[in-house]
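Chemist:
There are 2 protein chains.
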Amino acid sequence: MRRKQAEPAEFEGQADPALQGPLQQYVGYALRRAQLAVFQDVIATLADVDLRPAQFSVLILVDANPGIVQSHASASLGIQKANFVPLLTELERRGLIDRVAVDGRTNGLFLTRKGRATLKRANALHTVHHARVDAIIGTENREQLIEICLKLAELAR
Amino acid sequence: MRRKQAEPAEFEGQADPALQGPLQQYVGYALRRAQLAVFQDVIATLADVDLRPAQFSVLILVDANPGIVQSHASASLGIQKANFVPLLTELERRGLIDRVAVDGRTNGLFLTRKGRATLKRANALHTVHHARVDAIIGTENREQLIEICLKLAELAR
DNA sequence: CAAGAATGTTATGCTGTATAATTCTTTCGG
DNA sequence: CCGAAAGAATTATACAGCATAACATTCTTG
Numbered sequence: 013m014r015r016k017q018a019e020p021a022e023f024e025g026q027a028d029p030a031l032q033g034p035l036q037q038y039v040g041y042a043l044r045r046a047q048l049a050v051f052q053d054v055i056a057t058l059a060d061v062d063l064r065p066a067q068f069s070v071l072i073l074v075d076a077n078p079g080i081v082q083s084h085a086s087a088s089l090g091i092q093k094a095n096f097v098p099l100l101t102e103l104e105r106r107g108l109i110d111r112v113a114v115d116g117r118t119n120g121l122f123l124t125r126k127g128r129a130t131l132k133r134a135n136a137l138h139t140v141h142h143a144r145v146d147a148i149i150g151t152e153n154r155e156q157l158i159e160i161c162l163k164l165a166e167l168a169r
Numbered sequence: 013m014r015r016k017q018a019e020p021a022e023f024e025g026q027a028d029p030a031l032q033g034p035l036q037q038y039v040g041y042a043l044r045r046a047q048l049a050v051f052q053d054v055i056a057t058l059a060d061v062d063l064r065p066a067q068f069s070v071l072i073l074v075d076a077n078p079g080i081v082q083s084h085a086s087a088s089l090g091i092q093k094a095n096f097v098p099l100l101t102e103l104e105r106r107g108l109i110d111r112v113a114v115d116g117r118t119n120g121l122f123l124t125r126k127g128r129a130t131l132k133r134a135n136a137l138h139t140v141h142h143a144r145v146d147a148i149i150g151t152e153n154r155e156q157l158i159e160i161c162l163k164l165a166e167l168a169r
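Chains A and B are the protein sequences, given in the same order.
The opening residue of the first sequence carries number 13 in my numbering; numbering runs sequentially from there.
The opening residue of the second sequence carries number 13 in my numbering; numbering runs sequentially from there.
#1: Please confirm if the region 126 to 144 of chain A is in contact with the region 129 to 145 of chain B, defined as three or more CB-CB distances below 8 Å between the two stretches.
#2: Could you check if B/R105 is buried or exposed, using at least 16 other CB atoms within 10 Å of its CB as the buried criterion?
#3: Taking the alpha-carbon positions, what's the A/R128 to B/S86 distance?
#4: According to DSSP, is B/N119 part of a helix, a strand, or is it coil?
#5: Are the region 84 to 99 of chain A and the region 43 to 62 of chain A touching by the rule of at least three beta carbon pairs closer than 8 Å?
#6: If the cut is a Cβ gap below 7 Å, which residues of chain B does A/E152 touch?
#7: Would you grab the beta carbon distance between B/L71 and B/L123 for me? Rounded to a whole angstrom, and I think it's under 8 Å.
#8: By Cβ distance, which residues of its chain are closer than 7 Å to B/G107, with the 5 residues on each side in sequence left out?
#9: Taking the alpha carbon of A/L99 as the reference point, which residue from A/V114, A/L131, A/L63, A/L162 has its own alpha carbon closest?
#10: Please list, in chain order, the chain B residues whose beta carbon lies closer than 7 Å to that of A/L43.
#11: Mind listing the chain B neighbours of A/E166? Cutoff is C-beta to C-beta under 9 Å, in chain order.
#12: Tell me whether B/D62 sits in a helix, a strand or coil according to DSSP, three-state version.
#13: Grouping DSSP H, G and I as helix and E and B as strand, with all else coil, what is A/I80?
#14: Can you tell me the Cα-Cα spacing of B/L164 and A/D115, whole angstroms?
#15: Using 10 angstroms around the beta-carbon of A/D60, count the other beta-carbons present and answer buried if the total reaches 16, otherwise exposed.
#16: Using a Cβ cut-off of 8 Å, pull out every chain B residue sitting near A/I109, in sequence order please.
#17: Is it buried or exposed, B/A42, if we count other Cβ atoms within 10 angstroms and call 16 or more buried?
#18: For chain A, find out if any of its Cβ atoms is closer than 7 Å to the Cβ of B/G127; answer yes or no.
#19: State the DSSP-derived secondary structure class of A/R109, mapped to helix, strand or coil.
#20: At a Cβ threshold of 7 Å, is B/A56 touching chain A?
#21: So with CB distances below 9 Å, who are the chain B contacts of A/V145?
#22: Between the alpha carbons of A/L73 and B/Y38, how many angstroms are there, rounded?
#23: When we look at the beta-carbon of A/V54 and count the other beta-carbons within 10 Å, is it buried (16 or more) or exposed?
#24: Taking buried to mean at least 16 other C-beta atoms within 10 Å of its own C-beta, is A/Q17 buried or exposed?
#25: Could you give the distance in angstroms between the alpha-carbon of B/L103 and the alpha-carbon of B/Q67?
#26: Smallest Cα separation from A/D75: which of A/R169, A/E159, A/N95, A/D110?
#27: At a Cβ threshold of 7 Å, is A/G25 touching chain B?
Here it is, written out as C-alpha cells:
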C-alpha cells in the first residue's frame, strides 16, 4: 500500500502566497523582509570597502562623536558590550579606529586618518544605495518610514 | 610614563548619540532597530504558545495555503529549504503540522487540528501586540509602513 | 581605606542563515 | 522503455548575530 497522499496546492502563475495571504498584514513580517533586503543591498554596496553594516555604523557613530566611550557607543548602537569588543578589535586591527585610554578602565574611541578616509569612501558608496532606495519608495516615503521606525523602536524599552 | 590619554566625550543628560547623529538618516539602521523591537515584542507576546516568529509564520502560511509544498513554502517565506527542514520537523514533532506525501519526493503541508487550535490562540495573542503597535504609530501609519516595506523588499530581487 | 560600582574582557551557547553535497524520485528525450 | 537530467527533501557544516554569566581591573564613595 502506498503512503497517504494529498493533492498539492497549485500556484502556477499566481503571486507568491506569503505576499498575498495574511502575513502581509503583519508589521513584524514586513519589517523583517524589508530589513533583510535593505541590508543585503547595503552589504553588496559596501563590499568594496569591506565593511559590514555593524562596522559601518560604528565608524559613523565614532566620527560624529569623537572620544565616545566604548560602553556608551555599544549601548547607543544596541550592541551588547561583550559583542562590541571583537568588533572594535577588528576595526582597530585594520587601523580604522583607535582605543585611547581615558583612565585605567575606560577607552575613548577615535577614527584614525585611515578610518576617516574609509568612512568617506563608504559614505560615497552608500549614496548609491540611498539613491536606489529613494528610487523605489521616494524621498517622502523614506523620511516617513524612518520616523515610524524610530517610534516603533520605543517598543524595545 | 602613563599611557596616552584623552578626554572622554560627555553626554550627560543629552539624547542618545546614535539617535541624534547621521545614523538616524539611514533606512537600514532604522529598519533594523524597529524590526528588533517589534520581534522582541512578538516573541514575548507569543511566549504563551511557545511559538517563535518563524514558526508562527509557517502556521499562518500553511493555514492560508493548505497542501502547499515544502519548497514553495520555504521560498515564499524567504527561508532556505535546508533550514526549513528542522523547522518543520519541530512543528511536526509537536503535532502542529503534517507532512503529507504528494509523491515520492514532494510533501504537502497541512495544519493538524491541534495546529489550527494553536494558531487560533496565537492569533488572539498577536492581536494584543498588534494593538500595541497601533497605539504607538497609529493605524494609518501601520498600513503605510507595510506598503513601503513591501516595496523595499523588491530590493532583494 | 574598604566596599561597591563601573568598564572592558573572556568564554560560552543559542538562533538564524548560507552553501555544498547526498539521496531519492520524477520527468523527459531518444 | 531506458538512461540522463532535473526536482524535492534532507544532511552536514560553517559562520554571523545576539545574549548571558563570570571575571579582572580600576575607579568612586562613604
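We put the beta carbon where it would ideally sit given N, CA and C, even for glycine.
Modeler: Taking the definition as stated:
#1: Taking 8 Å as the limit for Cβ pairs, the verdict is that the region 129 to 145 of chain B does not touch the region 126 to 144 of chain A.
#2: exposed
#3: 42 Å
#4: strand
#5: no
#6: By Cβ distance, chain B contributes nothing, its closest Cβ being about 10 Å from A/E152, past 7 Å.
#7: Confirmed, about 7 Å.
#8: T124, K126
#9: Measuring C-alpha to C-alpha distances from A/L99 to each of A/V114, A/L131, A/L63, A/L162 identifies A/L63 as the nearest.
#10: L43, A46, Q47, V50, C161
#11: A49, I148
#12: coil
#13: strand
#14: 45 Å
#15: exposed
#16: Under the 8 Å cutoff, chain B gives no residues; its nearest Cβ is about 13 Å from A/I109.
#17: Under this definition B/A42 is a buried residue.
#18: no
#19: A quick correction: the sequence has Ile, not Arg, at residue 109 of chain A. A/I109: strand per DSSP, three-state reduction.
#20: no
#21: V39, G40, L164, L167
#22: So the alpha carbons of these two residues sit roughly 12 Å apart.
#23: buried
#24: Annotation note: pLDDT 45 at A/Q17 (below 50); position unreliable, coordinate value reported separately. Exposed, since its Cβ has fewer than 16 Cβ neighbours within 10 Å.
#25: B/L103 and B/Q67 have their C-alpha atoms some 8 Å from each other.
#26: A/D110
#27: Annotation note: pLDDT 44 at A/G25 (below 50); position unreliable, coordinate value reported separately. By this cut-off, A/G25 is not an interface position.
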